[in-house]
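Heads up: the structure comes next, in structure tokens.
Numbering (the numbering used here), first residue to last: 2 to 329.
Structure below.
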């Protein structure tokens, strides 16, 4: 982080302003290690490896930290040579490609595939994630002047309310302990008239019969490191078989039952990258502590409860997408 980034941050406990209490190491204009202190309640927060930390380094999202550090570039367009992330970000948000002078809050960055896209607009992007995936995001996007990355909790975010022009939360809500509470925590950070974009997994009654649903009750109890090794071995072993199955009618769905996320024919990606996505997604399904899909009626009710204007909720990329603007 840079010293000027303090204007975007506040104490997550009392919303007091933060200042640098102790400066340990600076590289150029980037603060590598320091301690921040709240002017209100006096609570201190560490800056470790350029990233302000407002939560313990290990938490219920630790499996995502491992996932996104092992696959820090897998879903980046600049790595794959495709435009998968770019197309999804701009189609899902509906936002313009140039937004200089605006401020965007990203809630749940993962490795930063969408941080990259948001930053490309010229807006100032404040990107938060609960897991240590912030390390992977910083390695890819932390050098950009218009990006601030912090490790924080969705229920007590260390940023100013009534402040941001836009907020997006993509691929996150279903992995939080209380999905409705997570959603309702978001609008207050927007200015009046600010744009909110979220998505969440779609609920299907038959999901309880899928092998992954039951197997996850066991696998999520394994250490992330051990589970990742097992997923890597399994996908590598099944990959040639999955290629043949994918050629059958409904072959992609058969592969899903076998816990192989085979995107051949869906995304125009190199074979090596397709396999990496399969390993990543298999681990994602089996490691997540929370996976809570929602109905479209419930998501629409959240937008109404939050008093969002111009609300539009429909089926989309990740299951269900929601758009709205803050009214008050």
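Each residue gets a CB set at the ideal place from its N, CA and C atoms; glycine is no exception.
Everything numeric in this text was worked out from a predicted model, so none of it was measured.
- By the criterion of a C-beta distance shorter than 6 angstroms, residue 198 is surrounded in its chain by 94, 169, 324, once the five residues flanking it on both sides are discounted.
- By the neighbour-count criterion, in which a residue is buried when 16 or more other Cβ atoms sit within 10 angstroms of its Cβ, residue 156 is exposed.
- Between the segment 273-283 and the segment 202-210 there are fewer than three C-beta pairs closer than 8 angstroms, too few to call the two in contact.
- Boundaries of the beta strand (DSSP E) harbouring residue 53: 52-54, taken from the DSSP string.
- For residue 154, DSSP records a beta bridge to 157.
- When DSSP states are grouped into helix, strand and coil, residue 144 belongs to the coil group.
- Cβ-Cβ distances below 8 angstroms link residue 329 to 193, 308 in the same chain, with the five nearest sequence neighbours on each side left out; the list follows chain order.
- Short of 7 angstroms from the beta carbon of residue 269, and not among the five residues preceding or following it, lie these beta carbons of its own chain, in chain order: 83.
- Between residue 159 and residue 55 the beta-carbon gap is near 5 angstroms, inside 8 angstroms, which marks them as a contact.
- Within its own chain, the residues whose Cβ lies closer than 6 angstroms to the Cβ of residue 80, once the five positions on either side in sequence are excluded, are 74, listed in chain order.
- One thing to note: residue 109 has its Cβ within 8 angstroms of the Cβ of residue 172.
- Assignment of residue 248 by DSSP, reduced to helix, strand and coil, places it in the coil class.
- Between residue 19 and residue 32, the beta carbon gap of about 12 angstroms keeps them out of contact (Cβ cut-off 8 angstroms).
- Per the coordinates, the alpha-carbon of residue 230 lies some 44 angstroms from the alpha-carbon of residue 305.
- In the DSSP assignment, residue 282 falls within the unbroken alpha helix (DSSP H) covering 272-288.
- In the DSSP annotation of this structure, the continuous segment of the alpha helix (DSSP H) that includes residue 220 starts and ends at 212-220.
- Taking a C-beta distance under 8 angstroms as the contact criterion, residue 127 and residue 120 do not qualify as a contact pair.
- Within the DSSP bridge table, the entry for residue 126 names 105, 148 as partners.
- Residue 293 carries a coil assignment under DSSP once its states are collapsed to helix, strand and coil.
- Under the three-state reduction of DSSP output, residue 98 falls in the coil class, being neither helix nor strand.
- If you check the CB distance, residue 186 and residue 174 do not come in under 8 angstroms.
- In this structure, the CA atom of residue 142 is about 15 angstroms from the CA atom of residue 72.
- In the DSSP annotation of this structure, the continuous segment of the beta strand (DSSP E) that includes residue 19 starts and ends at 19-28.
- Taken through DSSP and simplified to helix, strand or coil, residue 32 comes out as strand.
- For residue 237, the secondary structure class from DSSP, reduced to helix, strand or coil, is helix.
- For residue 13, the closest of 35, 2, 129 by C-alpha to C-alpha distance is 129.
- Setting aside the 5 residues that flank it on each side, residue 320 is surrounded in the same chain by 200, 201, 202, 203, 294, each with a C-beta closer than 7 angstroms to its C-beta; the list follows chain order.
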